[in-house]
Every structure is written in C-alpha cells, then in structure tokens.
Amino acid sequence: MLKRVFRLVSCLALVVASGCALVPPEPVVTGPLTAQPPLPSMPAAEANGSIYQPTAYGNYPLFEDRRPRNVGDIVTVVIQEKTNAAKNVQTSTNRTGSASLGWDGVPAFLPSSVGDKQNFDVEGGNAMDGKGSTRADNTFAGTLTTTVVGVLPNGNLQIAGDKQIAINRGSEHLRFSGVVDPRSITGSNTVSSTQVADARIEFRSKGVMDEVQTMGWLQRFFLNISPF
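Numbered according to the numbering used here, the sequence shown terminates at residue 231, and the numbering increases by one at each position without gaps.
Spelled out as structure tokens, the structure:
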C-alpha cells in the first residue's frame, strides 16, 4: 500500500514539475491593444443648413488635415527593423621572471658549509592567450495598422495593435506598441517603426509548426534538474 502511495506521489510530482517546465514565454507587448474610448452622450446635430456640423461624428474642420491626433484614430506602422551587431575580443599576456644566486667567494665570517652547494637558478613564466567573437543579424519587415490608445500631455500618441492570422491548424499573431510623434506621421497615415519610441514588437506562432520546435516535457524536466 505504501509503495502505491509513493508511486502516485512521485507521478504527481513529475507531472507538476513538467507543467512548470512548460511555462509559455512572457509576452513582450503588454497593455491594451486597441482603443477603448468612453461613451459620452453625443448631442444631436442641429440641421441649420451648414455643410460643417461640429457635433456630427466624422466631420473635421475645413482646413484640418487627416492625421491622427485623438484616441481611436488609426496609424499604419511600416515595420523596417534591421539590426547588425558584431564584437571581437582578443587578449594576450606574457610575463617571465628569473632569479639566481652564486657564491664565487665565501666571506670568512660565514660558516664553512656555505659554498657553491647553495647556488641556485630559478626561472618562471606565465602566458595567456584568449580570443572571442560574437555576431547577430536580425531583419523584420511588414506592416501593421494600429490604433491610438492614449494621448500624452505633450501631444505624442500611444499606439498599439494586434493582427492574427489563422491558416489551417496554425495561427500567427503580430503585436506592436509604442509612442509616436504626430509630426512623424505622413499624409497617408503611415509611420516607420524606426521613428517609434519605446517600440515593442512581438511575432509568435501557435500550432503544429510551433509544437515541432518545442522540446518535449520529459526532456525539458530533466534539463531543468540537471546540474550540468
């Protein structure tokens, strides 16, 4: 009976440990991904015969451009990320030392046992040579239409967006967030990702292709407890 209980407890501990080993990666983009503006009661537009109705949704002043400036406006982000980093390290040191003692003539006040038998020569050396190099190349291109989720006091826009694509049994999602200066937005409501501050880009997939690249739970378990 005790053996059965021990086996059951061992199996449960293994399952719990394996579950801890399969913790999904933390998301890079956090916070709301779309605008959630309040819903105030809009006053009804009065038909006064004018072309411009300031209380009607979708009407702008006659001489105002169409660049986004309010919560809920749309901004298209052109993702053009390309990073190259390289580092080479080389260290070389060399150090030598020597010491010698020889008795050609022994003073009279020293014992007679002191003589050429006490002569010695000592030499030592220390050399070290180390080299290292690393390189990383990343390229990410695409487009994503985001929404203004907030306006900072200085007029900069907080944007965020999410795009999800499902094909057969697999799915992919692209998420983006950051802060953009309205002056960087072109007339077609596009902005380059290199001009977005605090940019966070996340591209992940889920499905068969992602599972193939995932390590098995038992192998991951032994990898976590392995001291090597």
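Beta carbons are placed, not taken as given, at the ideal position from N, Cα and C, and that holds for glycine.
Does DSSP put S174 in a helix, in a strand, or in coil? On the sequence shown, position 171 is the one that residue 174 refers to. In this structure, S174 counts as strand in the three-state DSSP scheme.
Distance, V194 Cα to I170 Cα: Residue mapping note: residue 170 aligns to position 167 of the sequence shown, counting from 1. Residue mapping note: residue 194 aligns to position 191 of the sequence shown, counting from 1. For I170 and V194, the distance between alpha carbons rounds to 28 Å.
With a cut-off of 8 Å on the beta carbons, I'd call T142 and G164 a contact; round off their distance for me. Sequence index remark: in the sequence shown, residue 142 carries index 139 (1-based). Sequence index remark: in the sequence shown, residue 164 carries index 161 (1-based). About 21 Å separates the two Cβ atoms, so there is no contact after all.
Would you mind giving the Cβ-Cβ distance between V81 and V199, rounded to the nearest angstrom? I have them listed as a contact below 8 Å. Here residue 81 refers to the residue found at position 78 when the sequence shown is read from its first residue. Here residue 199 refers to the residue found at position 196 when the sequence shown is read from its first residue. Not confirmed; about 10 Å, so no contact.
Report yes if the C-beta distance between V78 and V152 is below 8 Å; otherwise report no. The residue given as residue 78 occupies position 75 in the sequence shown. The residue given as residue 152 occupies position 149 in the sequence shown. It is not a contact, given that the beta carbons lie outside the stated cut-off.
Would a C-beta distance cut-off of 8 Å place S174 and K209 closer than the cut-off? Residue 174 sits at position 171 when you count from the first residue of the sequence shown. Residue 209 sits at position 206 when you count from the first residue of the sequence shown. Cβ atoms of S174 and K209: closer than 8 Å.
Tell me, please, which residues DSSP counts as bridged to F179. The residue labelled residue 179 in the question sits at position 176 within the sequence shown. Beta-bridge pairing links F179 to G164 and I204.
First and last residue of the uninterrupted alpha helix (DSSP H) at L104: Locating residue 104 in the sequence shown gives position 101, counting from the first residue. Here L104 belongs to no alpha helix (DSSP H); instead the beta strand (DSSP E) covers I77 to L104.
What residue range does the alpha helix (DSSP H) around L221 cover? Here residue 221 corresponds to residue number 218 of the sequence shown, with the count starting at 1. Looking at the DSSP string, the run of the alpha helix (DSSP H) that includes L221 is W220 to I228.
In angstroms with no decimal places, state the Cα-to-Cα distance between S191 and T33. Reading the sequence shown from its first residue, position 188 is the one you call residue 191. Reading the sequence shown from its first residue, position 30 is the one you call residue 33. One C-alpha to the other measures close to 27 Å.
Using the Cα positions of L147 and D201, report the straight-line distance between them to the nearest angstrom. Locating residue 147 in the sequence shown gives position 144, counting from the first residue. Locating residue 201 in the sequence shown gives position 198, counting from the first residue. Rounded to whole angstroms, L147 to D201 spans 16 Å at the Cα level.
Contact check, S180 vs I168, beta carbons under 8 Å: As a first step, residue 180 is located in the sequence shown; it is residue number 177 there, counting from the start. As a first step, residue 168 is located in the sequence shown; it is residue number 165 there, counting from the start. Their beta carbons are not under 8 Å apart, which means S180 does not touch I168 by this criterion.
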